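Accompanying notes for the structure given below.
Residue numbers (the UniProt record's numbering), protein chains in the order written: chain A, 1 to 309; chain B, 1 to 272.
Printed below as a string of structure tokens:
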């Protein structure tokens, strides 16, 4: 359905079809009949599809611009450096799909033999095309990505998300509910303006029962390339991710310093880990990624849920 | 379009509405909204800020108003005044949460309903400017805000970007959104434009350079200036301080002032 009434109670709500806003909605009878309350068949279909996907990791943040897509892309790059590891990167930021640019892809789905990428960005014909969609339409796209893309045998599916705790996040979690999400990596920057949104995201994870693998503090300090002294461009006025993680009893996976080369590599669609292998930021990334792999190894899904190759 | 002209509503006393948009997250929309409001206040204007970022409401903290309560009056909600002189008022979902860490996990329709209420059921009173801060994207919140504000003929939108291509890519889409919804673009602001090391004064382009100005040129809209990364600005926002008042010598001050001045010039020209 293209348009829903502005005060639509939601097709799954017990007010579905019965609220004042439902009058005149073309779906009113359908909703009132209770069909919306039945579980979406797509959930089972996606569970089947996901049987060939060993590990599913969500990359989240309450806050925008902290480096989710950058992190997702480089997590994918790092995992795919082992040619025997099959990696898939799914970008569900429907309005602001950054992954195609960061991965250096122009309308192609496969970067390397073992690294596949999907994003709404590939479906847009011009860089000026805006995806001006309301929630229900975005949800439909995400369902299609999960159900209708032939992911094949995948060791790691990384799902990059937009900032917030809304349609995209609910849909990702709901559609993957039966398929077992390993966990979420939550990205933040050190300042309280970010942390206050990130705490909400962590609460969201608890609410929807997605395990939190840990937090990455990005843009953590800046070393001047000239004088090599450190500055805090985004100051941790309330103790940064370290204090937040202590308070919430969640692992701090690591801190990544600001390196101007990261932005440059992303703009040019290259892996920063290869461009600048000795940068403190690269070393931080690699250590964090190792911890994520370790988490996935320790929390293997039961063997009977996997189709053996 | 609804016949909103028949009913003056709670925005009847608001002279100019300005939206602050970006396709991209984390580029400084809330920062620019806050500093614009402070600068307009210092020019003697009465300003309201409407924060329609329901998932990540940043403005209360930036104005040291977190935890304040919202009261009701005959015309609806009373916005929170952030200063004694009552020259800046603010409405944000942040004030409606029982616990600041509570996540607002709502789908589109529910977000739309609250945004409509923020426009129609907040007693804004007499304002020279209403600055509307938005979340990143081109979705429910943006459509709801533009639809609800359309009857009040907004002055236009400020678009915020950072210099790098990844940001500019999203802001191009936001420009399309403005075009499609008939929202005039006042101009583009490039934020986080270089960092001057406080130890040795070397300027590093932490997030690349030039993207904002080039985008403005390509899109044929005014380029309003580049705001550098400024630790005094970041700290002011963290602590809810008035950067415009306290740090006029700071690197970010000139461009922020200029943006406010442009708005003042445009709107005073309209009066004559």
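Ideal Cβ positions, reconstructed from N, Cα and C, are used throughout, including at glycine. Just so we're clear, the structure is a prediction, and the values are computed from it rather than from any experiment.
- Chain A places no beta carbon closer than 8 Å to that of residue 95 (chain B), leaving this residue out of the contacts.
- The beta carbon of residue 164 (chain B) falls within 8 Å of a beta carbon belonging to chain A, placing the residue at that interface.
- DSSP places residue 224 (chain B) inside the beta strand (DSSP E), whose first and last residues are 223–229.
- Beta-bridge pairing by DSSP links residue 140 (chain B) to no other residue.
- Residue 266 (chain A) counts as buried, since no fewer than 16 other beta carbons sit within 10 angstroms of its beta carbon.
- The beta-bridge partner set that DSSP reports for residue 258 (chain A) consists of A:222.
- If you check the CB distance, residue 125 (chain B) and residue 44 (chain B) do not come in under 8 Å.
- The region 17–33 of chain B and the region 158–174 of chain B touch, with three or more beta-carbon pairs separated by less than 8 Å.
- Distance between residue 56 (chain A) and residue 230 (chain B), taken at the CA atoms: about 39 Å.
- Each of B:64, B:22, B:48 and B:21 was checked against the Cα of residue 193 (chain A), and the nearest Cα belongs to B:64.
- Under the DSSP assignment, residue 76 (chain B) falls in the beta strand (DSSP E) whose first and last residues are 76–78.
- Leaving aside the five residues that flank residue 219 (chain A) on each side, the residues in its chain whose CB is nearer than 6 Å to its CB run, in chain order, 189, 234 and 258.
- Collapsing the DSSP output to three states places residue 44 (chain A) in a helix.
- By the C-beta density criterion, residue 248 (chain B) is exposed, having fewer than 16 other C-beta atoms within 10 angstroms.
- For the UniProt domain "AAA+ ATPase" (54–199) of chain A, the continuous alpha helix (DSSP H) assignments of 4+ residues that do not extend past its boundaries occur at 68–80, 99–102, 135–148 and 167–175, in sequence order.
- Contact with chain B is found for residue 203 (chain A), since one of that chain's Cβ atoms lies less than 8 Å from the residue's Cβ.
- Using a CB distance below 7 Å, the part of the region 258–284 of chain A facing chain B consists of 258, 260, 263, 264, 266 and 267, ordered along the chain.
- Counting C-beta pairs closer than 8 Å gives fewer than three between the region 106–118 of chain B and the region 54–72 of chain A, which falls short of the contact rule.
- For residue 268 (chain A), the three-state secondary structure derived from DSSP is coil.
- Taking 8 Å as the CB threshold, residue 205 (chain B) lines the interface with chain A.
- In the structure shown, residue 27 (chain A) adopts coil according to DSSP, grouped into three states.
- When C-alpha distances from residue 144 (chain B) are compared across B:258, B:246, B:51 and B:77, the shortest belongs to B:51.
- Beyond the five residues adjoining it in sequence on each side, residue 242 (chain B) comes within less than 8 Å, by CB distance, of 38 and 236 in the same chain, given in chain order.
- DSSP, reduced to helix, strand and coil, places residue 99 (chain B) outside both helices and strands of the structure shown, so it counts as coil.
- Within the DSSP bridge table, the entry for residue 91 (chain B) names B:50 as partners.
- By DSSP's assignment, residue 170 (chain B) forms no beta bridge with any residue.
- The three-state secondary structure of residue 128 (chain B), taken from DSSP, is strand.
- Going by DSSP, residue 245 (chain A) is part of the alpha helix (DSSP H) stretching over 240–248.
- The C-beta of residue 103 (chain B) comes closer than 8 Å to at least one C-beta of chain A.
- With respect to chain B, the C-beta atom of residue 295 (chain A) has no partner C-beta closer than 8 Å.
- Selection A:170, A:238 and A:112 evaluated against residue 195 (chain A) yields A:238 as nearest (Cα-Cα).
- The criterion of a C-beta distance shorter than 8 Å is satisfied by residue 254 (chain A) and residue 284 (chain A).
- Here the alpha carbons of residue 102 (chain B) and residue 153 (chain B) stand approximately 34 Å from one another.
- Rounded to whole angstroms, residue 139 (chain A) and residue 138 (chain B) show a C-alpha spacing of 15 Å.
- Neighbours of residue 51 (chain B) in chain A, taken as residues at a C-beta separation under 7 Å, are lacking, since the least C-beta distance is about 13 Å.
- A Cβ-Cβ separation of about 20 Å leaves residue 262 (chain A) out of contact with residue 161 (chain A) under the 8 Å criterion.
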